[in-house]
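Trainee: For the sequence shown, full-length UniProt numbering gives the first residue as 1, with consecutive numbering after it.
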Amino acid sequence: MSKDKYFIIDFDSTFTKVEALDELGELSLEGHPEKERVLQQVKQLTDSAMAGESSFADGLRKRLALLKAHERHLPHLINRLQDKVSESIRRNKEFLTEYSDQIFIVSSGFKEFITPIVTEYGIKEENIYANTFKLDENGNITGFDEDNVLSFDKGKIKLLEQLALSGDVYVIGDGYTDYEIKEAGLANKFYAFTENVTRDSVVAKAEHIAPSLDEFLYQNKLPMAISYPKNRISVLLLENIHPKAVELFRREGYQVETISGALSEEELCEKIQNVSILGIRSKTHVTRKVLEHANRLMSVGAFCIGTNQIDLNACLEAGITVFNAPYSNTRSVVEMAIGQIIMLSRGIVDKSNKMHQGIWDKSAAGSFEVRDKKLGIVGYGNIGAQLSVLAEAMGMVVYYYDVVEKLQLGNARKCDTLQELLEKADFVSLHVDGRPDNKNMFGAAEFAAMKPGSIFLNLSRGHVVDIAALVENLISGKLRGAAVDVFPQEPATNSEPFVSELRGLPNVILTPHIGGSTSEAQVNIANFVPNRIMDYINSGNTYQSVNFPNIQLPELKNAHRLIHIHENVPGVLADINNVLAKNQVNILGQYLKTNERVGYVITDINKKYDKQLVNDMRHIQHTIKFRMLY
1 MSKDKYFIID FDSTFTKVEA LDELGELSLE GHPEKERVLQ QVKQLTDSAM
51 AGESSFADGL RKRLALLKAH ERHLPHLINR LQDKVSESIR RNKEFLTEYS
101 DQIFIVSSGF KEFITPIVTE YGIKEENIYA NTFKLDENGN ITGFDEDNVL
151 SFDKGKIKLL EQLALSGDVY VIGDGYTDYE IKEAGLANKF YAFTENVTRD
201 SVVAKAEHIA PSLDEFLYQN KLPMAISYPK NRISVLLLEN IHPKAVELFR
251 REGYQVETIS GALSEEELCE KIQNVSILGI RSKTHVTRKV LEHANRLMSV
301 GAFCIGTNQI DLNACLEAGI TVFNAPYSNT RSVVEMAIGQ IIMLSRGIVD
351 KSNKMHQGIW DKSAAGSFEV RDKKLGIVGY GNIGAQLSVL AEAMGMVVYY
401 YDVVEKLQLG NARKCDTLQE LLEKADFVSL HVDGRPDNKN MFGAAEFAAM
451 KPGSIFLNLS RGHVVDIAAL VENLISGKLR GAAVDVFPQE PATNSEPFVS
501 ELRGLPNVIL TPHIGGSTSE AQVNIANFVP NRIMDYINSG NTYQSVNFPN
551 IQLPELKNAH RLIHIHENVP GVLADINNVL AKNQVNILGQ YLKTNERVGY
601 VITDINKKYD KQLVNDMRHI QHTIKFRMLY
């Protein structure tokens with residue numbers, strides 16, 4: 001881009017995430033009995049002026065009068081604002097420094113706090129245009145320099161007329177006063193900056209939207225800190241994933257679409273096109289056929305523990321990472337299992353149902369404490385192990401069985417065979433994974449091996465239990481009760497009916513797959529999975545991916561990062577390095593991790609490279625995917 005182009009950038013809610021005078025009020029009104037009411041007045045005045053609904057000059061006078069600020073508050077304000085610089089501004093400091101001759105900060109705010117913030121990002125002090133405070137002899141902020149054109153209504157227009165920039169002018173801001181520069185014919189383009197706040201009246205006027213500085217730079221072919229504008233990352237979240245995940249993805253600048261229920265394979269095949277990130281829970285199946293329609297998919301997030309609903313091999317072959325939340329809802333599932341053990345041991349569900357029918361059945365018959373009873377845990381992973389700790393704390397004797405050698409916690413006792421565990425246990429609780437080999441792993445033979453009058457729980461996966469065999473043992477009285485949270489066929493949405501042979505049986509607790517459905521668990525999952533995915537997209541880290549070679553990378557500094565995913569065959573690393581050598585590229589760091597199917601090579605290179613390098617890397621034989629981070 002030629003050097004006769006100029007960039008006018010607003011400060012409040014653009015360079016920073018916040019309105020500086022609102023932040024000043026938080027400091028100056030500390031301890032004031034009506035602080036919240038006054039701050040709300042200040043905010044209303046700000047919003048009204050920024051939306052073009054009221055006089056800016058009058059609003060500024062009123063705001064300063066309400067704030068009752070002192071010059072001693074300014075250093076603290078500057079510290080606050082330094083922590084609240086917009087994320088895309090932080091990322092693109094190099095652009096701001098490189099184009100510093102052409103970048104102007106034009107703000108209706110105040111130089112006293114703007115200058116120390118923006119100069120840290122390479123902005124020249126002589127290119128900062130803003131108001132200045134007036135102080136009395138005691139240091140109280142009493143007003144502003146009313147000779148400064150930026151204190152007037154349409155002050156930004158007057159300033160641009162004075163600057164008389166001879167070239168193309170691009171304005172980036174969130175307020176109506178920024179749009180007015182374009183409206184007055186003093187700018188070629190106005191970009192409504194929506195990374196921090198969206199003012200509907202401003203967006204409605206704008207011909208161009210900038211969800212971030214990255215998008216502005218991308219549209220104008222300017223150097224960027226990242227290899228893609230984040231608003232071009234599209235996220236599809238299914239099955240009522242917690243709003244926290246939506247918030248995190250949107251805060252990162254991604255475009256997010258949510259659907260409350262699960263999608264069928266055919267529906268997902270249609271919906272997956274142009275999606276970069278897919279988030280699901282347990283009911284949506286990501287099959288090979290779905291992936292054949294996923295032209296832009298980079299990562300799948302399972303907002304749950306299990307991943308058997310995802311074809312992990314097909315994702316791996318397509319270079320698509322998969323992340324889940326292996327620990328986030330462990331406590332929730334365990335607490336529910338404990339509660340169900342107690343309720344089944346006391347026959348509470350049946351007693352409660354009778355009470356609702358007006359029947360008073362006060363009796364100790366068939367009601368037992370769980371203390372000293374034997375709990376058999378099948379599957380001693382994260383959930384099984386924590387269940388053993390809580391059960392033991394209640395005085396239960398714990399036995400466990402797992403096909404993988406696991407270190408027991410507390411006084412839990414390992415059983416060498418499932419048969420041994422079933423013969424000992426008064427309660428049997430399943431906590432196995434959903435791999436296909438586990439289908440109907442618990443059937444007639446296993447129920448036959450259980451003690452008469454024992455109680456059965458399944459909070460793992462629906463298809464691991466033969467439901468007909470469970471029903472038969474409940475009806476016959478072999479089992480005294482059961483709790484089932486997962487089923488071979490489950491409704492896709494809450495509006496569909498639940499159909500099962502288990503309905504109506506006495507002392508049977510049926511729950512709609514809610515073992516991990518607590519507010520705490522859903523928030524934990526909604527934090528964990530997006531952060532893993534965003535870390536992969538932003539830095540290449542695959543740590544805790546369930547299908548990719550796991551690698552933790554150092555922070556990318558003053559370099560480009562080349563991410564190359566390829567079939568794990570001999571010679572690819574040599575081919576990569578030959579391409580780098582041919583293009584005379586200096587390697588700053590290189591990291592390799594493989595599994596039996598793919599190789600994952602990350603190469604950090606210096607800033608100077610020929611564009612031919614990207615094309616050559618993509619055409620290396622056996623390449624699955626290649627991308628570059630800046």
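Where a beta carbon is used, it is the ideal one built from N, C-alpha and C, also for glycine.
1. Report the residue from Lys611, Lys557, Val529 whose alpha carbon sits nearest the alpha carbon of Asn583.
2. If you measure between the beta carbons of Glu126 and Ile157, is that distance less than 7 Å?
3. If you draw a straight line from the alpha carbon of Ile475 to that of Gln522, how long is it in whole angstroms?
4. Measure the alpha-carbon distance for Glu146 versus Phe152 and round it to whole angstroms.
5. Look up Asn138 in the DSSP assignment and give the residues it is bridged to.
6. Given Ala20, which residues of its chain have a CB within under 8 Å of its CB, disregarding the five upstream and five downstream residues?
7. Span of the alpha helix (DSSP H) holding Thr97?
8. When the distance is taken between beta carbons, is Gly453 closer than 7 Å to Arg480?
9. What is the DSSP secondary structure of His73, counted as helix, strand or coil?
10. I believe Val275 touches Ala294 by the beta-carbon criterion, under 8 Å. Please report the beta-carbon distance rounded to the nearest angstrom.
11. Alpha carbon to alpha carbon, how far is Asn586 from Phe548?
12. Taking just the CA atoms, how far does Asn494 sit from Glu36?
13. Between which two residues does the beta strand (DSSP E) carrying Glu257 extend?
14. Identify which residue in Val403, Glu266, Gln408 has its Cα closest to the Cα of Val389.
15. Pull up the distance between the alpha-carbon of Pro137 and that of His70, whole angstroms please.
16. By a C-beta neighbour count over all protein chains shown, 10 Å radius and 16 as the cutoff for buried, is Glu520 buried or exposed?
17. Could you check which residue in Phe427, Ile277, Ala393, Asn411 has the C-alpha nearest to that of Pro530?
18. Tell me the residue span of the beta strand (DSSP E) that contains Asn189.
19. For Gln612, which of helix, strand or coil comes out of DSSP?
20. Determine the DSSP secondary structure at Gly25, reduced to helix, strand or coil.
21. Taking C-alpha atoms, which residue in Leu237, Ile105, Ser55, Ser201 lies nearest to Gln255?
22. Taking the alpha helix (DSSP H) that Tyr218 falls in, what are its first and last residues?
23. Which term fits Ile203, buried or exposed, when burial requires 16 or more other beta carbons within 10 angstroms of its beta carbon?
24. Kindly indicate which three-state DSSP category Lys625 falls into: helix, strand or coil?
25. Between Phe427 and the rest of its own chain, which residues show a CB-CB distance below 6 Å, the 5 nearest in sequence each way excluded?
26. Quick one: is Asp178 buried, meaning 16 or more other Cβ sit within 10 Å of its Cβ, or exposed?
27. Measure the C-alpha to C-alpha separation of Leu613 and Asp311 and round it to an integer number of angstroms.
28. Could you say which of Gly395, Leu418, Glu423 lies nearest to Gly410 if we only look at CA atoms?
29. Quick one: any contact between the segment 455-466 and the segment 427-440, if contact means 3 or more CB pairs under 8 Å?
30. With Ile123 as the anchor, note down where its alpha helix (DSSP H) starts and where it stops.
31. Can you grab the Cα-Cα spacing for the pair Ile537 / Met298, in whole Å?
32. On the three-state DSSP scale, how would you describe Gln522?
33. Cβ of Pro211 within 7 Å of Cβ of Gly253?
34. By the three-class DSSP mapping on this structure, what secondary structure does Gly462 have?
35. Rounded to whole angstroms, what's the CA-CA distance from Thr97 to Val197? Just pull it up for me.
36. For the beta strand (DSSP E) containing Asp168, name the first residue and the last one.
Mentor: Based on what the coordinates show:
1. Lys611
2. no
3. 36 Å
4. 8 Å
5. Asn138 pairs with nothing; no bridge assigned.
6. Phe11, Asp12, Leu77, Leu81, Gly109, Phe110, Phe113, Ile114
7. 93-98
8. yes
9. helix
10. 7 Å
11. 27 Å
12. 41 Å
13. 255-258
14. Gln408
15. One point to set straight first is that residue 137 is Glu, not Pro, in the sequence displayed. If I take the Cα positions, the gap works out to 11 Å.
16. exposed
17. Ile277
18. Inspection of the sequence shows that residue 189 is occupied by Lys rather than by Asn. Lys189 -> beta strand (DSSP E) spans 189-193.
19. helix
20. helix
21. Leu237
22. 213-219
23. The sequence given here has Val at residue 203, not Ile. Exposed.
24. strand
25. Ile341, Leu375, Ile455
26. buried
27. 33 Å
28. Gly395
29. yes
30. No alpha helix (DSSP H) holds Ile123; DSSP gives it neither H nor E.
31. 8 Å
32. helix
33. yes
34. helix
35. 25 Å
36. 168-173
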